[in-house]
Amino acid sequence: MAYELLKKSINANYSATASKASDVWSFAVTVWQIFQKSDKLPSDFIKVGDIIANHENGKKLPTPTIVSERFWRQVIIRCFDLDPHTRPTMDNLYNSLIRFKEDIPYINVSNV
1 MAYELLKKSI NANYSATASK ASDVWSFAVT VWQIFQKSDK LPSDFIKVGD
51 IIANHENGKK LPTPTIVSER FWRQVIIRCF DLDPHTRPTM DNLYNSLIRF
101 KEDIPYINVS NV
């Protein structure tokens with residue numbers, strides 16, 4: 001669940017609704033799980049309060065070992081921006097994924 005929706009779940013005064021931007025956040029979590037080859041999140045990313053605190057303090061999900069740091073930072077980490085309006089769109093992500101597929105052949109998603 002995206003940061004803004006988690007925040008709303010613990011603070012009734014916080015205004016947020018599900019959106020395409022929250023879908024982008026969820027997409028990034030799913031990508032992380034695929035590259036980690038696990039549906040288990042790190043223990044400090046389980047409780048809502050911990051997830052919120054981690055992201056507010058700049059802590060993100062760790063880079064999966066099978067992807068390059070460059071790919072992770074330039075494509076996926078942007079999906080975790082606290083401001084939903086700053087996250088990439090799905091079209092942006094699609095184009096980034098295509099670009100990385102062509103530019104960095106050692107990211108072989110067929111082996112994931």
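Following UniProt numbering, the numbering of the sequence shown begins with 1 at its first residue and continues without gaps.
We put the CB at the ideal spot given by N, CA and C, even for glycine.
- A contact is defined here as three or more CB-CB pairs under 8 Å, and the region 84-91 meets this definition with respect to the region 20-32.
- Within the UniProt domain "Protein kinase" (1-107), complete alpha helix (DSSP H) segments of at least 4 residues are found at 3-10, 20-36, 48-56, 90-103, given in chain order.
- Take residue 44, set aside five residues on each side of it, and the residues of its chain with a beta-carbon closer than 7 Å to its own are 50, 54, in chain order.
- In the assembly as shown, residue 12 is an exposed residue. Its beta-carbon has fewer than 16 other beta-carbons within 10 Å.
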